[in-house]
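Participant: For reference, the structure I am asking about is given below.
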Amino acid sequence: MGTWYRYYNRWQALLRKSGFSGEFGHFPIFDNEIICHCGKKGCLETEASGLAIHRTILERIAKGESSILTEHVKDLSKLTLTDIIKATNMEDPLCIEIVEEVGNKLGKYIAGLINILIRSWW
Ligand SMILES: [Zn+2]
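Numbering (this note's numbering), first residue to last: 231 to 352.
Listed below in structure tokens is the structure:
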């Protein structure tokens, strides 16, 4: 296996050791009124997840922003992440913007986690 796989396994072991495995997505870090599937408000997952991308794109299209998704997906209530990824790969500006925003939020959070946990890494 490659280097990244070893890092991934090491990261997973560290998360298990820290007792936080599976809980990071539900840290309440955003001051929003979005209810997470866990029942709390402001979890990381409310703004930095596939669900967040999906919800935000539908909200922005409903507000009148244009996207090729309205042409490629006949029923937007059945919009999937696969549709969004395809539109992003087709350089749809709205999808690119939202995926980038979510990626930035997730990246900042992961960087913070690494800074906190790095001492346990070695
Ligand atoms: Zn949650």
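The beta-carbon is built from N, C-alpha and C at its ideal position, and this holds for glycine as well.
Less than 8 Å between the CB of T276 and some heavy atom of ligand 1, yes or no?
Facilitator: By one-based count along the sequence shown, residue 276 stands at place 46. At least one heavy atom of ligand 1 is nearer than 8 Å to the Cβ of T276, so yes.
Participant: Report the three-state DSSP secondary structure of C273 (helix, strand or coil).
Facilitator: Residue 273 sits at position 43 when you count from the first residue of the sequence shown. Of the three classes helix, strand and coil, the one that applies to C273 here is strand, per DSSP.
Participant: Just the Cα atoms here: how many angstroms apart are E295 and I344?
Facilitator: For this step, residue 295 is matched to residue 65 along the sequence shown. For this step, residue 344 is matched to residue 114 along the sequence shown. Roughly 36 Å between the two C-alpha positions.
Participant: Inspect the beta-carbon positions of S279 and V329 and report whether they are closer than 9 Å.
Facilitator: Here residue 279 refers to the residue found at position 49 of the sequence shown. Here residue 329 refers to the residue found at position 99 of the sequence shown. Contact: no.
Participant: With a threshold of 8 Å, establish whether the CB of H302 neighbours any heavy atom of ligand 1.
Facilitator: Counting from 1 along the sequence shown, the entry for residue 302 is found at position 72. Result no, Cβ not under 8 Å from ligand 1.
Participant: Counting beta carbon pairs with one atom in the region 255 to 263 and one in the region 297 to 314, are three or more of them shorter than 8 Å?
Facilitator: No, the region 297 to 314 does not touch the region 255 to 263.
Participant: Taking the beta carbon of S307 as the centre, do at least 16 other beta carbons fall within 10 Å, making it buried, or is it exposed?
Facilitator: Locating residue 307 in the sequence shown gives position 77, counting from the first residue. Under this definition S307 is an exposed residue.
Participant: Is A317 near I298, with beta carbons less than 9 Å apart?
Facilitator: Position 87 of the sequence shown holds residue 317. Position 68 of the sequence shown holds residue 298. Yes, Cβ-Cβ distance for A317 and I298 is below 9 Å.
Participant: Determine which residues share a DSSP beta bridge with P258 and list them.
Facilitator: In the sequence shown, the residue the question calls residue 258 occupies position 28. C273.
Participant: Are the beta-carbon atoms belonging to L288 and L309 less than 9 Å from one another?
Facilitator: As a working mapping, residue 288 is identified with position 58 in the sequence shown. As a working mapping, residue 309 is identified with position 79 in the sequence shown. Their beta carbons are under 9 Å apart, which means L288 touches L309 by this criterion.
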